[in-house]
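Comments concern the structure below.
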Amino acid sequence: MLSSALLLPLVAGVTGCGGATSDPLAAQPYDAAGQIAANAPAGERKADPDRPLEVTTTGDEARITDVTATDTAGRHIRGRLTADGTRWRSTVPLAAGTRYTVRVSTEDSDGKPGRKVLRMATEGGGDRRLRVTFGPDSGTYGVGQPLTAELSRPVHGARAKALVEGALKVDSSPRVVGSWHWVDDRTLHYRPRSYWPAHASVEAYSNLQGLKVAKGLYGGPGKPVRIRTGDRVEAVTDAAAHRMTVRRNGRVIKTLPVTTGKAGFETRNGIKTVLGKESFVRMRSTTVGIARGSSEAYDLPVRWATRVTWSGEYVHAAPWSVGSQGAANVSHGCTGMSTGDARWFFGRVRVGDIVQVVNSKGDKMVPFDNGFGDWNLSWEKWLAGSALGDGVSGAGSDEDAAAPADAARLRPRV
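Residue numbers for the sequence shown follow the working numbering, so the first one is 48 and each next one is one higher.
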């Protein structure tokens, strides 16, 4: 597992305010594969974790505008982009035995955006041992924070997956009904049926050590993760009413006038969780597919930005649209509010808190590839992603939920 001291909540570099995927300007960035090179080995070979990761341009046709490098638990690797946009280099060591996804955004000489996605793995961790890395890092999170489990090797077949899933344990106090869900052959997410209780203690750990998973493949070690949850903080934005209602432990603590995405840039509906916070970020329209010089182009310094998707959707200060806040939707997909309100919101949410959008005309938040949209799957669909027969594992069972005393314990404290 990467040390939390080597990771930042958000990678350095420019970013943008993401709109709906239906936006014609943002829908189809060109394939920048021919313009980008990296020092990651090709094919099945693995990278040396002691060498920095470098991404460079291969000619004068394009420049790099943004690089986001994450492991499968969603943790970011710090890096530095040169001023001329020709090279990005990681500034901390990579972890051994870890898989990374590197998303590179580019811009050609005409301002047209491009995209290249690189996937790589680092050496180490034991070739014939199935190791597990839990996420997030130990700490305190909001009640919407899922747990993640990253496996060092892919697992195929229902029997092997059931064995692995059964060995990944989650204990919580109070107890909850929860389940793992296979995102792909190497990644699982765990969530309760509803949000975690407020002020809960949660531990994820592995009993894989020594178990035979498949021919020649045995379970290896996994470092436990312990998290706590804070108050139950939920922010619900009604895009049609242009209002955000913030609740703590079920009680409304503030209602804020906001503006969300305008036509063509509608904000995504659905439940998201806070991914990170930046007191200052530079937002450029080119990073979300809006060409320089177009009528929709922007390049803005933004304060008190709370990120809810990896593609660039934030809740942030938007002093330029104060006249529309509470009355009209004029943004490019983010939720904008006054500087004072944004600072207030920034100071009262933490990673894992709930941010929900309703009554927008935008697409629905996807479950897994743009942040933590896990809560947008019904409990039945979540259980369908489990390899266990009853779908329930870890920290409780349906029989527990049926008992009145247990049912009372499952509800967050209000």
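The C-beta atom is built at its ideal place from N, Cα and C for all residues, glycine as well.
Fair warning: this is a prediction, and the values are worked out from it, not measured in the lab.
Exercise. Under 7 Å between C-beta atoms, does glycine 161 make it to chain C?
Worked result: Given the protein chain composition of this structure (a single chain), no chain C is represented.
Exercise. What number of angstroms, rounded off, separates the C-alpha of threonine 187 from the C-alpha of aspartate 107?
Worked result: 46 Å
For this session: May I have the straight-line CA-CA distance separating valine 396 from phenylalanine 415, to the nearest angstrom?
Result: 22 Å
Problem set entry | Proximal residues to methionine 291 (C-beta, below 6 Å), its chain only, five neighbours per side dropped | Excluding residues within five positions, the ones whose Cβ falls inside 6 Å are Ala282, Thr284, Leu303, Val305.
Exercise. Is leucine 424 helix, strand or coil when you go by DSSP?
Worked result: coil
For this session: With a 10 Å radius around its C-beta and 16 neighbouring C-beta atoms as the bar for buried, classify asparagine 406 as buried or exposed.
Result: exposed
Exercise. By a C-beta neighbour count over all protein chains shown, 10 Å radius and 16 as the cutoff for buried, is asparagine 401 buried or exposed?
Worked result: Residue identity check: residue 401 is isoleucine in the sequence provided, not asparagine. Classification of isoleucine 401: buried, given that the 10 Å Cβ count is 16 or more.
Exercise. Excluding the five sequence neighbours on either side, which residues of its own chain have a C-beta within less than 7 Å of the C-beta of valine 61, listed in chain order?
Worked result: In this predicted model, valine 61 has a pLDDT of only 45, less than 50, meaning its place in the structure is not dependable; the value taken from the coordinates is given anyway. Closer than 7 Å at the Cβ level, and outside the excluded window around valine 61, lie Thr112, Asp113, Arg329, Arg331, Thr334.
For this session: Look at the Cβ atom of leucine 165, then the Cβ atom of proline 96, and state whether they are nearer than 7 Å.
Result: no
Exercise. With distances taken from CA atoms, which of Arg134, Pro201, Gly213 is nearest leucine 258?
Worked result: Leucine 258 has its Cα closest to that of Gly213, out of Arg134, Pro201, Gly213.
For this session: Consult DSSP for aspartate 388 and reduce its assignment to one of helix, strand or coil.
Result: Of the three classes helix, strand and coil, the one that applies to aspartate 388 here is helix, per DSSP.
For this session: Count the CB pairs spanning the stretch 414-431 and the stretch 312-324 that are closer than 8 Å, and state whether there are at least three.
Result: yes
Exercise. For histidine 203, which residues of its own chain have a beta-carbon under 7 Å away from its beta-carbon, when the five flanking residues on both sides are left out?
Worked result: Asp232
For this session: Output the distance between the C-alpha atoms of histidine 236 and valine 272, rounded to the nearest integer angstrom.
Result: 14 Å
Exercise. Terminal residues of the continuous alpha helix (DSSP H) containing lysine 408?
Worked result: Careful: lysine 408 lies outside any alpha helix (DSSP H) and carries neither H nor E.
For this session: Report the partner residues of alanine 205 according to the DSSP bridge assignment.
Result: DSSP lists no partner for alanine 205.
Exercise. Out of curiosity, what's the CA-to-CA distance linking histidine 246 and glycine 132?
Worked result: 44 Å
Exercise. Of the choices Val151, Leu128, Gly121, whose alpha-carbon is the least far from that of glycine 81?
Worked result: Val151
For this session: Would you kindly report the start and end of the unbroken beta strand (DSSP E) that includes tryptophan 351?
Result: 346-354
Problem set entry | Buried versus exposed call for alanine 130 [16 or more other C-beta atoms within 10 Å across all chains shown] | exposed
Exercise. Who are the Cβ neighbours of tryptophan 229 in its own chain at under 8 Å, not counting the five residues just before and after it?
Worked result: Lys208, Glu212, Leu235, Gly432, Ser433, Ala434
For this session: Can you give me the Cβ contacts of valine 349 inside the same chain, cut-off strictly under 6 Å, excluding the 5 residues immediately before and after it?
Result: Val328, Met330, His363
For this session: Rank Ser226, Ala87, Ala168, Ser220 by C-alpha distance to the C-alpha of threonine 195 and give the top, closest one.
Result: Measuring C-alpha to C-alpha distances from threonine 195 to each of Ser226, Ala87, Ala168, Ser220 identifies Ser226 as the nearest.
Problem set entry | Assumed close pair leucine 177, tyrosine 252 - CB separation to whole angstroms, cut-off 8 Å | Not really, about 15 Å apart at Cβ, beyond 8 Å.
Problem set entry | Inter-residue spacing [alpha-carbon to alpha-carbon] between leucine 326 and tryptophan 351 | According to the sequence shown, residue 326 is serine rather than leucine. Their backbone Cα atoms lie some 4 Å apart in a straight line.
Problem set entry | The beta strand (DSSP E) enclosing serine 152, as first and last residue numbers | 146-155
Problem set entry | Beta-carbon proximity check, alanine 94 vs alanine 87, cutoff 7 Å | yes
For this session: Please list, in chain order, all residues of the same chain as alanine 374 whose beta carbon is under 7 Å from its beta carbon, the five residues on each side excluded.
Result: His289
Exercise. Excluding the five sequence neighbours on either side, which residues of its own chain have a C-beta within less than 8 Å of the C-beta of glutamate 427, listed in chain order?
Worked result: none
For this session: Please work out which residues of its chain come closer than 6 Å, Cβ to Cβ, to proline 71, disregarding the five sequence neighbours upstream and downstream, and give them in chain order.
Result: Caution is warranted here: a pLDDT of 39 is assigned to proline 71, below 50, making its placement in the model unreliable, and the coordinate value is therefore given only provisionally. Cβ neighbours of proline 71 beyond the five flanking positions: none.
Exercise. Candidates Ser368, Gly387, Arg134: which alpha carbon is nearest serine 378's?
Worked result: Ser368
Exercise. Between the C-alpha atoms of valine 293 and arginine 92, what's the straight-line distance to the nearest angstrom?
Worked result: Taking the straight line from one Cα to the other gives about 48 Å.
Exercise. Alpha carbon to alpha carbon, what distance is there between threonine 353 and threonine 276?
Worked result: The C-alpha of threonine 276 lies about 19 Å from the C-alpha of threonine 353.
Exercise. Do arginine 136 and arginine 146 have their CB atoms nearer than 7 Å?
Worked result: no
For this session: Determine the DSSP secondary structure at arginine 127, reduced to helix, strand or coil.
Result: strand
For this session: Measure how close the beta-carbons of glycine 161 and aspartate 78 come, nearest whole angstrom, since I'm counting them as under 8 Å.
Result: 7 Å
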